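**Q** In this note's numbering, the protein residues as written are 1 to 298. Cβ atoms here follow ideal geometry from the backbone N, Cα and C, with glycine treated the same way. Since the structure is predicted, the reported quantities are computational estimates derived from the model, not experimental observations.
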Amino acid sequence: MPRHLLTIPDLSAAELRTVLSLAQRADLPRVLDGRGAALIFEKPSNRTRHSMEMAVVQLGGHPVYTRGEEVGFDRREPVEDVTRVMAGYHGLLAARVFSHGVVERMAAVSAVPVINMLSDWAHPLQALADVLTMEQVHGDLRGRVVAWVGDYNNVARSLAEACVLLGADVALACPNGYGASAGELERLNLLGAGAVVDRRRPIDAVDGAIAVHTDTWTSMGQEAEKAERERAFESYAVTAELMAHAAGGAGFYHCMPAYRGVEVSAEVMDGAHSHAIAQAHNRLHAARAAIAFVMGER
Ligand code: CP
Ligand code: NVA
1 MPRHLLTIPD
11 LSAAELRTVL
21 SLAQRADLPR
31 VLDGRGAALI
41 FEKPSNRTRH
51 SMEMAVVQLG
61 GHPVYTRGEE
71 VGFDRREPVE
81 DVTRVMAGYH
91 GLLAARVFSH
101 GVVERMAAVS
111 AVPVINMLSD
121 WAHPLQALAD
131 VLTMEQVHGD
141 LRGRVVAWVG
151 DYNNVARSLA
161 EACVLLGADV
171 ALACPNGYGA
181 SAGELERLNL
191 LGAGAVVDRR
201 RPIDAVDGAI
211 AVHTDTWTSM
221 GQEAEKAERE
231 RAFESYAVTA
241 ELMAHAAGGA
251 GFYHCMPAYR
261 GVEVSAEVMD
271 GAHSHAIAQA
281 HNRLHAARAA
291 IAFVMGER
């Protein structure tokens with residue numbers, strides 16, 4: 001059975017550590033030597049497309065970038081037909097999709113590994129880069145507090161899962177109706193050594209945090225809700241004033257694209273404590289590690 005990476009809990013805590021060490025290795029073998037990798041995008045991308053294409057090249061493979069409308073999942077042909085056919089051409093399939101169910105259906109029938117390059121549920125490649133960057137900046141994350149301020153979305157979920165597996169505690173602050181449900185908090189808290197708490201107010205979530213993360217308030221596919229969301233999230237922007245309540249020297253993190261003057265002030269996004277560009281650059285190392293891992297490298 002091929003190994004897939006659809007969500008962070010597809011990895012055990014020990015496997016997550018392995019992936020993070022693969023991300024720091026300069027001598028990874030050419031696990032895709034002479035093979036293709038289909039990279040299917042139903043949504044736009046800068047970081048994910050470029051980091052995955054270059055990771056495939058660096059691992060000896062050939063990336064084939066494919067727009068969602070070209071394969072037409074469940075319109076031109078069923079997800080299962082697209083997957084079974086492509087698995088005969090490529091050593092790896094990866095997809096960025098609206099519905100997480102699509103990557104699950106791909107994984108259910110694929111003869112080769114499938115990687116989720118962002119769905120409405122999860123963004124595991126981003127979380128790998130996020131924890132890699134935080135470890136580089138702050139060292140061991142065990143027992144440290146990581147704050148998430150804003151929408152409890154795909155990026156927040158994958159980050160919280162990775163933190164819990166690494167033994168970090170997560171403090172959330174999300175507007176009513178946009179946070180983690182009680183069941184989701186329970187699920188997260190059972191995953192690993194770290195604890196996840198809903199602190200509700202941004203000022204309480206960042207208290208003692210070494211890292212403050214946020215993301216856009218309007219994810220891809222939610223554009224029709226933009227005005228309503230901006231009203232609901234109005235008091236959840238990450239500003240210098242909010243950062244002053246975090247631990248001394250706390251880092252600011254954003255998966256990007258970032259909207260200055262909306263979820264984050266320009267002062268914070270472009271300030272000395274912002275690690276957003278390092279996070280983006282670490283996407284390449286995370287992508288290479290994820291591919292090497294699903295291809296069997298340990
Ligand atoms: N962070 C991230 O996934 O960026 P892209 O949407 O540009 O790939
Ligand atoms: N939550 C955002 C992340 C973009 C990288 C989205 O899904 O659009």
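Quick one: does the C-beta of M220 sit closer than 7 Å to a heavy atom of the ligand NVA?
**A** Walking along the sequence shown from the start, residue 220 turns up at place 220. Indeed, a heavy atom of the ligand NVA lies less than 7 Å from the Cβ.
**Q** Are V264 and A272 close, meaning C-beta to C-beta below 8 Å?
**A** Locating residue 264 in the sequence shown gives position 264, counting from the first residue. Locating residue 272 in the sequence shown gives position 272, counting from the first residue. Contact: no.
**Q** Just tell me which of L165, L5, R187 and G101 has its CA closest to the CA of A193.
**A** Taking the sequence shown and counting its residues from 1, one reaches residue 193 at position 193. Residue L165 is the option with its Cα nearest to A193.
**Q** Following the continuous beta strand (DSSP E) through G91, name the residue where it begins and the one where it ends.
**A** Counting from one through the sequence shown, the residue named residue 91 turns up at place 91. H90 to R96 is the span of the beta strand (DSSP E), which, as asked, contains G91.
**Q** Could you tell me whether any non-hydrogen atom of the ligand NVA is closer than 7 Å to the CB of D130?
**A** Reading the sequence shown from its first residue, position 130 is the one you call residue 130. Not so, every heavy atom of the ligand NVA lies at least 7 Å from the Cβ.
**Q** I'd like to know if the segment 127-137 and the segment 278-288 are in contact, where contact means that at least 3 CB-CB pairs between them fall below 8 Å.
**A** With a cut-off of 8 Å, the segment 278-288 and the segment 127-137 count as touching, because enough Cβ pairs lie within range.
**Q** For A250 versus I203, is the C-beta distance shorter than 8 Å?
**A** Counting from 1 along the sequence shown, the entry for residue 250 is found at position 250. Counting from 1 along the sequence shown, the entry for residue 203 is found at position 203. The answer is no: Cβ separation not under 8 Å.
**Q** State yes or no: is the C-beta of L284 within less than 8 Å of the C-beta of A55?
**A** In the sequence shown, residue 284 corresponds to position 284, counting from 1. In the sequence shown, residue 55 corresponds to position 55, counting from 1. Against a cut-off of 8 Å, the Cβ pair of A55 and L284 comes out as a contact.
**Q** Going by DSSP, what residue range makes up the alpha helix (DSSP H) through L39?
**A** Start at 1 with the first residue of the sequence shown, and residue 39 comes out as number 39. Not the alpha helix (DSSP H): L39 falls in the beta strand (DSSP E), residues G36 to F41.
**Q** Is the beta carbon of T299 less than 8 Å from the beta carbon of L92?
**A** Any answer about residue 299 is impossible in this case: the structure gives the chain only from 1 up to 298.
**Q** Taking the C-alpha atoms as reference points, what is the distance between R67 and R298?
**A** For this step, residue 67 is matched to residue 67 along the sequence shown. For this step, residue 298 is matched to residue 298 along the sequence shown. If I take the Cα positions, the gap works out to 32 Å.
**Q** Which residue's Cα is closest to the Cα of R199: K43, S274, W148 and H213?
**A** The sequence position of residue 199 within the sequence shown is 199, counting from 1. Measuring from the Cα of R199, the nearest candidate turns out to be W148.
**Q** Given this structure, state the Cα-to-Cα distance separating E42 from G143, to the nearest angstrom.
**A** Stepping through the sequence shown from its first residue, residue 42 is reached at position 42. Stepping through the sequence shown from its first residue, residue 143 is reached at position 143. Each residue's alpha carbon lies about 38 Å from the other.
**Q** Is the beta carbon of P175 closer than 8 Å to that of F233?
**A** As a position in the sequence shown, residue 233 is number 233, starting the count at 1. As a position in the sequence shown, residue 175 is number 175, starting the count at 1. Contact flag set, yes.
**Q** Looking at the unbroken beta strand (DSSP E) that takes in L28, where does it start and where does it end?
**A** The count along the sequence shown starts at 1 and reaches residue 28 at position 28. Run containing L28: none; DSSP gives neither H nor E here.
**Q** Within 10 angstroms of the Cβ of L190, are there 16 or more other Cβ atoms? Answer buried if so, exposed if not.
**A** As a working mapping, residue 190 is identified with position 190 in the sequence shown. Its Cβ having fewer than 16 others within 10 Å, L190 is exposed.
**Q** Report buried or exposed for Y253, applying the criterion of at least 16 other Cβ atoms within 10 angstroms of its Cβ.
**A** On the sequence shown, residue 253 is found 253 positions in, with the first residue counted as 1. So Y253 ends up on the buried side.
**Q** What would DSSP say about S21, mapped onto helix, strand or coil?
**A** Start at 1 with the first residue of the sequence shown, and residue 21 comes out as number 21. Helix, per DSSP.
**Q** Does the segment 47-64 come close enough to the segment 116-126 that 3 or more CB-CB pairs lie under 8 Å?
**A** Taking 8 Å as the limit for Cβ pairs, the verdict is that the segment 47-64 does touch the segment 116-126.
**Q** Is the distance from the Cβ of H138 to the Cβ of S119 below 8 Å?
**A** Taking the sequence shown and counting its residues from 1, the one referred to as residue 138 is at position 138. Taking the sequence shown and counting its residues from 1, the one referred to as residue 119 is at position 119. Result no, Cβ atoms of H138 and S119 do not sit closer than 8 Å.
**Q** Taking the beta strand (DSSP E) that R76 belongs to, which residues open and close that run?
**A** Here residue 76 refers to the residue found at position 76 of the sequence shown. It is not in any beta strand (DSSP E) - R76 carries neither H nor E in the DSSP assignment.
**Q** Here's the rule: buried if 16 or more other CB atoms are within 10 angstroms of the residue's CB, otherwise exposed. What is D169?
**A** Working through the sequence shown from its first residue, we reach residue 169 at position 169. Buried is the call here.
**Q** Counting by C-beta, which residues lie closer than 5 Å to a heavy atom of the ligand CP, in chain order?
**A** After applying the 5 Å Cβ criterion, the set is S45, N46, R47, T48 and C255.
**Q** Going along the chain, which residues of its own chain have a beta-carbon closer than 7 Å to the beta-carbon of A286, five neighbours each way excluded?
**A** Against the sequence shown, residue 286 aligns to sequence position 286. These residues qualify, in order along the chain: A23, L125, L128, A129 and L132.
**Q** Along the chain, where does the beta strand (DSSP E) containing T214 start, and where does it finish?
**A** For the purposes of this step, residue 214 is identified with residue 214 of the sequence shown, where counting begins at 1. Per DSSP, T214 belongs to the beta strand (DSSP E) from A211 to T214.
**Q** Under 8 Å, do V268 and V238 count as touching if we go by C-beta distance?
**A** Numbered from 1 along the sequence shown, position 268 holds the residue referred to as residue 268. Numbered from 1 along the sequence shown, position 238 holds the residue referred to as residue 238. In this structure, V238 lies closer than 8 Å to V268 by Cβ.
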